[in-house]
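In this note's numbering, the protein residues as written are 54 to 577.
C-beta atoms are modelled at their ideal positions from N, C-alpha and C, and glycine is treated no differently.
Note that the structure is predicted; figures quoted are calculated from it, not measured.
Heads up, the thing below is written out as structure tokens.
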Amino acid sequence: MVQDDLVEYGFRRVIITITAVLCALLEIVDTTIVNVALNDMRGSLGATLNDVAWVITAYAIANVIVIPMTSWLSQQFGRRNYFAASIIIFTVSSFLCGNADGIWELVTYRFIQGLGGGALLVTAQTIITESYPLEKRGMAQAIYGMGVIVGPTLGPPLGGYLVDHFSWPYIFYINLPIGLVATLLTLTYVRSPKYGEKRSAKEVDWWGIVLLAAGIGSLQYVLEHGQQDDWFNDTAIVALSVVSMLSGYLFIWRQWVYPYPIVNLRVLKDPNLRTGVIMCFILGFGLYGSTFIIPIYTQAVLGWTATDAGLILIPSSLTTAFMMPIIGKLIQRGVPQTYMVAVGFAVFFVFTFWMQHIMTPDTGSEHMFWPLIFRGIGLGLLFVPITTLSLSTLKGKSIGEGAAFTGMMRQLGGSFGIAIITTFIARWGQKHRVDLLRNIRIDSPVVHDRIIQLKAGFMNKGFSESEALAKAYQVLEYNVTMQGMVLSYMDVFQILGLIFLVCIPVILILKKSKPMALPADLGH
54 MVQDDLVEYG
64 FRRVIITITA
74 VLCALLEIVD
84 TTIVNVALND
94 MRGSLGATLN
104 DVAWVITAYA
114 IANVIVIPMT
124 SWLSQQFGRR
134 NYFAASIIIF
144 TVSSFLCGNA
154 DGIWELVTYR
164 FIQGLGGGAL
174 LVTAQTIITE
184 SYPLEKRGMA
194 QAIYGMGVIV
204 GPTLGPPLGG
214 YLVDHFSWPY
224 IFYINLPIGL
234 VATLLTLTYV
244 RSPKYGEKRS
254 AKEVDWWGIV
264 LLAAGIGSLQ
274 YVLEHGQQDD
284 WFNDTAIVAL
294 SVVSMLSGYL
304 FIWRQWVYPY
314 PIVNLRVLKD
324 PNLRTGVIMC
334 FILGFGLYGS
344 TFIIPIYTQA
354 VLGWTATDAG
364 LILIPSSLTT
374 AFMMPIIGKL
384 IQRGVPQTYM
394 VAVGFAVFFV
404 FTFWMQHIMT
414 PDTGSEHMFW
424 PLIFRGIGLG
434 LLFVPITTLS
444 LSTLKGKSIG
454 EGAAFTGMMR
464 QLGGSFGIAI
474 ITTFIARWGQ
484 KHRVDLLRNI
494 RIDSPVVHDR
504 IIQLKAGFMN
514 KGFSESEALA
524 KAYQVLEYNV
534 TMQGMVLSYM
544 DVFQILGLIF
554 LVCIPVILIL
564 KKSKPMALPA
574 DLGH
């Protein structure tokens, strides 16, 4: 097949692009929109905090299981049919989620929604990539990137608004009209490639599917629940870690020896894709990690509402969206992606360094505005060049297979990032609290004066002397705990920054050792 057979022009390409971006946006918004509704769900469904956490976990597990299989499933059923079916599954399960009467019913429908949603993300990227000629692939990835980058940020404020003004089921109902329109547009305009052939039921690698689901699903559970279950002190975490490693090893072996694998590992022989997969993991770590830590910091330390915590990230996302077409144009003009990625890592390091130095228990939104603008610039410089670079030398069905790898690694990078960040915040926060308490001596004049001041304030409010003294000690302990938390957040930003700083020489060394073809070059 000639690669340009799927290239679209004019009105058809515009409609296909809008449809694909809309679907990618739907999927990613739904990964974060539920975060602010968990308390309302817990109350109305009579669930515990651990139970309601499965609303997030089930969706994430389904996502990472189906993403690696999307290219194979597209070939089995035809891309247009598979894409449309995924939208329908996502939309119908959204309706069922909104109508769920119990927590485990909701978790079941969220898992089904995740199976449809994971397919949307990767298939949308493949459709957009193949709808544009080779020399315009950078712009195609820029357009797709708007949905992927803006989506996680839109979720919390949108969810907060819907919960505050309506009720939690509406965070799912909002998907219904968009899903219906996207299905009709897909069936009307999206075309299926001719490459690939269907496999009979006997040829399908059923063991590969089981091993993939067991390996990736177990890993995702460990990452989601590790911190709250005390990691390897918990029997279930240890058992699932063993299942994940063993299943992963057997899955990789199976895909190399089976004649009809569900995941084509041979596509990783492409040096650009190998580099891109590693960079996508780090990008996911930074994107989802920072999207997670900032709202948590503003709510837990600064006392902001969920809506305000979500809104703080909007300027950053708008900056990224503004950057996307500019980066796409630079790639079209032949600016090496690796240099842009290196600059993106440097800008993201500046963001983390800046955030580390402005964090206090009283930091205001005005202090975070410019650091978050830098975050937006950094993500723009990273996302488009990395995704374009990853797929730039792939052709035919390899594009879909490569997109599946980049999508999976971006999701896993985010899961690792959130798991590591939550663990560090909890454990370092406790360590800093203990260290700070060691330095607080009752015989210290500063501490003594502070207690006297607090005690007098409570006595003026009508409390007895003993009650006022007890409350003064409580306030002092609360301040120490908050300061310990702030120090742990500062540590996390420092670690994030160092990770991105180390990546700069790595990407430049890779550039020198393995010259990478650009989409602009491939077009000639």
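Using three-state DSSP, classify residue i as helix, strand or coil.
i, result
"Ala456", "helix"
"Thr101", "coil"
"Ile349", "helix"
"Asp488", "helix"
"Ala153", "coil"
"Gln281", "coil"
"Ser445", "coil"
"Asn92", "helix"
"Arg244", "coil"
"Ser369", "helix"
"Ser220", "coil"
"Arg386", "coil"
"Ile504", "helix"
"Gly329", "helix"
With 16 as the cutoff for other CB atoms within 10 Å, does residue i come out buried or exposed?
i, result
"His485", "buried"
"Gly178", "Contrary to the premise, residue 178 reads as Gln rather than Gly in this sequence. Buried, because 16 or more other Cβ atoms sit within 10 Å of the Cβ of Gln178."
"Trp309", "exposed"
"Gln506", "exposed"
"Thr101", "exposed"
"Ile478", "buried"
"Thr391", "buried"
"Val316", "buried"
"Trp125", "buried"
"Leu373", "Contrary to the premise, residue 373 reads as Thr rather than Leu in this sequence. So Thr373 ends up on the buried side."
"Arg163", "buried"
"Met54", "With a pLDDT of 38 at Met54, under the threshold of 50, the predicted position of this residue should be treated as unreliable, though the coordinate-derived value follows. It is exposed - the Cβ of Met54 has fewer than 16 other Cβ atoms within 10 Å."
"Ile290", "buried"
"Pro348", "buried"
"Lys514", "exposed"
"Asn492", "exposed"
Assuming the contact rule is C-beta atoms closer than 8 Å, residue i and residue j should be a hit. Round their C-beta distance to whole Å, please.
i, j, result
"Ile118", "Ile142", "Not confirmed; about 14 Å, so no contact."
"Asn228", "Thr144", "6 Å"
"Tyr147", "Gly232", "The residue asked about is misnamed: residue 147 is Ser in this sequence, not Tyr. With 8 Å as the limit, Ser147 and Gly232 qualify as a contact, their Cβ atoms being about 7 Å apart."
"Gly279", "Thr476", "7 Å"
"Cys76", "Leu215", "Not quite, the Cβ-Cβ distance comes to about 20 Å (not below 8 Å), so this is no contact."
"Val396", "Ile560", "Actually they are not in contact, since the Cβ atoms of Val396 and Ile560 sit about 10 Å apart, beyond 8 Å."
"Gly429", "Phe401", "Actually they are not in contact, since the Cβ atoms of Gly429 and Phe401 sit about 10 Å apart, beyond 8 Å."
Let me check you understand the geometry: is the CB of residue i closer than 8 Å to at least one non-hydrogen atom of the ligand HEM?
i, result
"Pro498", "Here there are no bound small molecules, and the ligand HEM is not part of this structure."
Got a sec? Which residues, its chain only, sit under 8 Å from residue i by beta carbon, not counting five neighbours each side?
i, result
"Pro568", "For Pro568, the predicted model reports a pLDDT of 38, less than 50, meaning its position is unreliable; a value from the coordinates is still stated below. Excluding residues within five positions, none has a Cβ falling inside 8 Å."
"Leu159", "Met94, Leu98, Val108, Cys150 and Ala153"
"Thr236", "Ala137, Ile140, Ile141 and Thr144"
Counting only the same chain and skipping the five closest in sequence on each side, list residues whose C-beta sits under 6 Å from that of residue i.
i, result
"Val82", "Gly204, Leu207 and Gly208"
"Phe304", "Leu264, Leu265 and Gly268"
"Lys565", "Note on Lys565: pLDDT 43, under 50, position unreliable in the model; no value is reported."
"Gly213", "Val89, Ala359, Thr360 and Gly363"
Leaving out five residues before and five after residue i in sequence, what residues of the same chain have Cβ atoms less than 7 Å from its Cβ?
i, result
"Ile68", "Leu238 and Tyr242"
"Lys524", "Phe511 and Phe516"
Beta-carbon of residue i versus every beta-carbon of chain B: anything under 9 Å?
i, result
"Thr405", "Of the chains in the structure shown, none is chain B; there is only one protein chain."
Meets three-Cβ-pair contact criterion under 8 Å: the segment 457 to 468 and the segment 330 to 339:
Segments in contact, yes.
Three or more C-beta pairs under 8 Å: does that hold for the segment 454 to 461 against the segment 424 to 438?
no
Is the segment 312 to 330 touching the segment 367 to 385, taking contact as three or more C-beta pairs under 8 Å?
no
Counting Cβ pairs, one atom from each stretch, are 3 or more of them under 8 Å apart for the segment 340 to 356 and the segment 553 to 563?
no
Are the segment 359 to 369 and the segment 515 to 528 touching, with three or more C-beta to C-beta distances below 8 Å?
no
Would the segment 401 to 410 and the segment 541 to 548 be scored as touching if the rule is three or more Cβ pairs under 8 Å?
As far as the Cβ criterion goes, the segment 401 to 410 touches the segment 541 to 548, which means the pair count is three or higher.
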